[in-house]
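Heads up, the thing below is written out as structure tokens.
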Amino acid sequence: MRRQVVLITILAILMGLTVWITSLDKIGIYDVFSWSDLLSDARAHLKMVLIAELIATSIAVPLAILVTRPGLKRLATPVIFGANVGQTLPSLAVIAIMAPLLGFGLQSAIVALVIYGLLPILRNSYAGINNIEPAIIEAGRGMGMTNGQIARKIELPLALPVIMAGIRISTVITVGTAELAVLVGGKGLGRITFTGVLARQPLLILQGAAPTAAMAIILGFILERIEKWMTPRGLQLKAGVS
Amino acid sequence: MIRLDQVTKIYPDGTQAVKKVSLEVGEGELCVLLGPSGCGKTTTMKVINRIVPITSGKIYIDGADITKIDEDELRRNIGYAIQEIGLFPHMTVGQNIQVVPALKGWPKDKRNGRAEELLELVGMNSAEFMNKYPSELSGGQRQRVGVARALGADPPILLMDEPFGAIDPITRVRLQDEFLKIEQEIRKTIIFVTHDIYEAIKMGDKIALMNEGRLVQYDTPSNLLFKPKNEFVEQFVGADRALKGLQLIRVKELMTGTPPLAKADERVVTVQARMEREGVDCLAVVDNEGKFLGWVDRANVEKGETVRDIINRSVATATANAVLSEALSLMLSSGFKTLAIVDEINKLEGVLSFDAIQLALSEVAQRRGSE
Numbered sequence: 000m001r002r003q004v005v006l007i008t009i010l011a012i013l014m015g016l017t018v019w020i021t022s023l024d025k026i027g028i029y030d031v032f033s034w035s036d037l038l039s040d041a042r043a044h045l046k047m048v049l050i051a052e053l054i055a056t057s058i059a060v061p062l063a064i065l066v067t068r069p070g071l072k073r074l075a076t077p078v079i080f081g082a083n084v085g086q087t088l089p090s091l092a093v094i095a096i097m098a099p100l101l102g103f104g105l106q107s108a109i110v111a112l113v114i115y116g117l118l119p120i121l122r123n124s125y126a127g128i129n130n131i132e133p134a135i136i137e138a139g140r141g142m143g144m145t146n147g148q149i150a151r152k153i154e155l156p157l158a159l160p161v162i163m164a165g166i167r168i169s170t171v172i173t174v175g176t177a178e179l180a181v182l183v184g185g186k187g188l189g190r191i192t193f194t195g196v197l198a199r200q201p202l203l204i205l206q207g208a209a210p211t212a213a214m215a216i217i218l219g220f221i222l223e224r225i226e227k228w229m230t231p232r233g234l235q236l237k238a239g240v241s
Numbered sequence: 000m001i002r003l004d005q006v007t008k009i010y011p012d013g014t015q016a017v018k019k020v021s022l023e024v025g026e027g028e029l030c031v032l033l034g035p036s037g038c039g040k041t042t043t044m045k046v047i048n049r050i051v052p053i054t055s056g057k058i059y060i061d062g063a064d065i066t067k068i069d070e071d072e073l074r075r076n077i078g079y080a081i082q083e084i085g086l087f088p089h090m091t092v093g094q095n096i097q098v099v100p101a102l103k104g105w106p107k108d109k110r111n112g113r114a115e116e117l118l119e120l121v122g123m124n125s126a127e128f129m130n131k132y133p134s135e136l137s138g139g140q141r142q143r144v145g146v147a148r149a150l151g152a153d154p155p156i157l158l159m160d161e162p163f164g165a166i167d168p169i170t171r172v173r174l175q176d177e178f179l180k181i182e183q184e185i186r187k188t189i190i191f192v193t194h195d196i197y198e199a200i201k202m203g204d205k206i207a208l209m210n211e212g213r214l215v216q217y218d219t220p221s222n223l224l225f226k227p228k229n230e231f232v233e234q235f236v237g238a239d240r241a242l243k244g245l246q247l248i249r250v251k252e253l254m255t256g257t258p259p260l261a262k263a264d265e266r267v268v269t270v271q272a273r274m275e276r277e278g279v280d281c282l283a284v285v286d287n288e289g290k291f292l293g294w295v296d297r298a299n300v301e302k303g304e305t306v307r308d309i310i311n312r313s314v315a316t317a318t319a320n321a322v323l324s325e326a327l328s329l330m331l332s333s334g335f336k337t338l339a340i341v342d343e344i345n346k347l348e349g350v351l352s353f354d355a356i357q358l359a360l361s362e363v364a365q366r367r368g369s370e
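The listed protein sequences derive, respectively, from chains A and B. All the letters of the first sequence, read from the start, carry residue numbers 0 to 241 under numbering that gives the first Met the number 0. All the letters of the second sequence, read from the start, carry residue numbers 0 to 370 under numbering that gives the first Met the number 0.
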């Protein structure tokens, strides 16, 4: 509850800042971005994040399922290691390297965001599936469930909350990273922020940064709701007890 | 019927978990796999539903080689209750019990009905518990649901790995007693793994005592106790086995299954003659349905004309699954040297005499004396 109050307060401050700055006429000698610029950049930003997350999720979750299969467990370590390496590269470097590889444009930005957003989902999905009590899986096997049935009826439902948490973490991070997309020809709120950086105008930087932060908070909040909603009731009760 | 023939399991790391175990479990029998931890008892159980693939040997169920049966199909016909219970936390109690029936494609109504029936069987109110989640249950209740789930699709065989393991001793004893009762009703072939000799002798028709992957002795509980095959069995059973015998031997092993009887409307003289002929001091009186009514005692034959006049109705009875210490205690407190053994509906199953207990225990004493 207290956390929600804090979040809403921060959100209000960020929104207030954005509205106030946008309603200014000029900052120094610079024009502020208009409402329509702001909105279209925000929309582009959101679109980029959602596409990247969609791709990252549809790679990471199946990959996690794959490396937790009994016959393929030895793949888990290299795969997780690879994703870890992806995460340790500075985000700026990942994005920057995409331009010479894939050319300037949205595609480079999205590929970079996918690489960067993959790890939290992969790591959580892997942990979520791998940490299911072995007795539960063995009970399923012992009752004559096929491998597919165990995956669909036991592993996925039980791992779902953890997988969703991974998607949430990844999304929040990606909203921030997407600021850099503008450097390789992508769009988004980074355009405003970097204009501010180049112009050395803190308020102009804030005009891009504040709505970005607000977007991260809002998406995080929505995904948290979905996560709760997707958690099987039997597990919610458990969480309630402990 | 389950038959293991020279079954050997060597794990990839070289551990020889099971070494040439041959074992036969008859239909409707409860076979306990007993032994210290690491003796291979759990592995021996798990090879039967092929959770653990064997290295060599053969396993037959009703004469059919289990490797010739589809793995999943085989498992759906073998109830499985494991140590940590393994209830699915995201499914309700009802859904958990219906897992195998659902896998077998039973229609929903039949599945639901079966789940309700099984919950009642394990002593839980179906209306109250069907829609609860495992996390809302106590440890004992979870164990019960675990047993109910194993019985889900009415499999002819049950595998149980310390199913009453992780609960407090009092609940444990209660669950054991209840399970014995259920077992009488369902008549399954059961493989039951435990490391607890008390539980083994209480539950088992036969006990397979294992050590270091080998089957050391496969015998009835009383033979295991009183005719140990070697030093290991003796040590495992313990030096106080004469006293343990009282707690470990069940009444049904020593009782006379077909004792001479009397009917309430018989004349005392007839009954008296029968006592003399059989060489006993008292007879159990039963009604026409075989229900136990009381005792007729030679000391009272002067007091009436028919059995009905002199019957002693105020005596305690025990069940065939009671242990000797309970039986003995009932004898001592009732002052009667014979105990009627009845089932749940008071039908006479046999009688147990003090002499029979003494004889069983003196066998032990003799054995020990000759050592």
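Using N, Cα and C, we set each Cβ at its ideal position, and we do this for glycine too. Computed from a prediction, not measured in an experiment: that's the story for all the values here.
Is it buried or exposed for residue i, if we count other Cβ within 10 angstroms and need 16 for buried?
i, result
"serine 35 of chain A", "exposed"
"leucine 214 of chain B", "buried"
"serine 134 of chain B", "buried"
"isoleucine 149 of chain A", "buried"
"glycine 278 of chain B", "exposed"
"glycine 334 of chain B", "exposed"
Are the C-beta of residue i and some C-beta of chain A separated by less than 9 Å?
i, result
"arginine 75 of chain B", "yes"
"leucine 86 of chain B", "yes"
"glutamine 15 of chain B", "no"
"lysine 19 of chain B", "no"
"tyrosine 132 of chain B", "yes"
"valine 121 of chain B", "no"
"glutamate 370 of chain B", "Confidence is the limiting factor: at glutamate 370 of chain B the pLDDT is only 43, short of 50, which leaves the residue's position unreliable, though a coordinate-based value still follows. Not closer than 9 Å to any Cβ of chain A, the Cβ of glutamate 370 of chain B fails to qualify, so no."
"aspartate 71 of chain B", "yes"
"threonine 193 of chain B", "no"
"glycine 274 of chain B", "Note that residue 274 of chain B is methionine in the sequence shown, not glycine. Not one chain A Cβ lies under 9 Å of methionine 274 of chain B."
"valine 350 of chain B", "no"
"asparagine 48 of chain B", "yes"
From the DSSP output, read off the bridge partner residues of residue i.
i, result
"serine 55 of chain B", "B:Thr7"
"serine 352 of chain B", "B:Thr337"
"tyrosine 29 of chain A", "A:Ile26"
"tryptophan 294 of chain B", "B:Ala283 and B:Asn311"
"aspartate 64 of chain B", "B:Tyr59"
"threonine 188 of chain B", "B:Ile156"
"aspartate 15 of chain B", "First, the residue type needs correcting, since residue 15 of chain B is glutamine and not aspartate in the sequence shown. Per DSSP, B:Ile9."
"cysteine 30 of chain B", "B:Ile190 and B:Lys205"
"asparagine 210 of chain B", "B:Arg213"
"arginine 2 of chain B", "B:Glu23 and B:Tyr59"
"valine 322 of chain B", "B:Arg249"
Is any beta-carbon of chain B found at less than 9 Å from that of residue i?
i, result
"alanine 43 of chain A", "no"
"alanine 138 of chain A", "yes"
"methionine 163 of chain A", "no"
"valine 240 of chain A", "No answer about valine 240 of chain A holds up, because its pLDDT of 40 lies below 50 and its placement is not dependable."
"leucine 234 of chain A", "yes"
"isoleucine 54 of chain A", "no"
"alanine 98 of chain A", "no"
"alanine 134 of chain A", "yes"
"isoleucine 64 of chain A", "no"
"glutamine 200 of chain A", "no"
"methionine 142 of chain A", "yes"
"threonine 145 of chain A", "yes"
"leucine 222 of chain A", "no"
Tell me, to the nearest whole angstrom, how far the beta carbon of residue i is from that of residue j; I am working on the premise that it is less than 8 Å.
i, j, result
"glycine 81 of chain A", "isoleucine 172 of chain A", "Wrong, their Cβ atoms sit about 18 Å apart, outside the cutoff."
"glutamate 275 of chain B", "valine 306 of chain B", "With a Cβ gap of about 15 Å, glutamate 275 of chain B and valine 306 of chain B do not count as contacting."
"isoleucine 96 of chain B", "valine 144 of chain B", "7 Å"
"isoleucine 153 of chain A", "phenylalanine 87 of chain B", "6 Å"
"glycine 233 of chain A", "histidine 89 of chain B", "5 Å"
"glycine 85 of chain B", "leucine 117 of chain B", "About 17 Å; that fails the 8 Å criterion."
"aspartate 204 of chain B", "leucine 29 of chain B", "5 Å"
"aspartate 160 of chain B", "isoleucine 50 of chain B", "Not really, about 10 Å apart at Cβ, beyond 8 Å."
"alanine 75 of chain A", "serine 124 of chain A", "Actually they do not touch by this definition, with Cβ atoms about 11 Å apart."
"alanine 149 of chain B", "leucine 136 of chain B", "Not really, about 16 Å apart at Cβ, beyond 8 Å."
"leucine 205 of chain A", "isoleucine 20 of chain A", "6 Å"
Please check if any C-beta of chain E sits within less than 9 Å of the C-beta of residue i.
i, result
"leucine 158 of chain B", "Included in the structure are the protein chains A and B, with no chain E among them."
At a cut of 8 Å, does the segment 316-323 of chain B reach the segment 338-351 of chain B through at least three beta carbon pairs?
Proximity of the segment 316-323 of chain B to the segment 338-351 of chain B meets the contact definition, three or more beta-carbon pairs being nearer than 8 Å.
Taking 8 Å as the threshold, find out whether the segment 346-364 of chain B comes into contact with the segment 247-256 of chain B through three or more Cβ pairs.
yes
With three or more C-beta pairs closer than 8 Å as the rule, is the segment 93-104 of chain A touching the segment 163-183 of chain A?
In the pairwise beta carbon analysis, the segment 163-183 of chain A is classified as touching the segment 93-104 of chain A: at least three pairs are separated by under 8 Å.
Under 8 Å, with one C-beta from each stretch per pair, do the segment 200-215 of chain B and the segment 283-294 of chain B reach the 3-pair mark?
no
Do three or more CB pairs link the segment 38-49 of chain B to the segment 69-81 of chain B at distances below 8 Å?
yes
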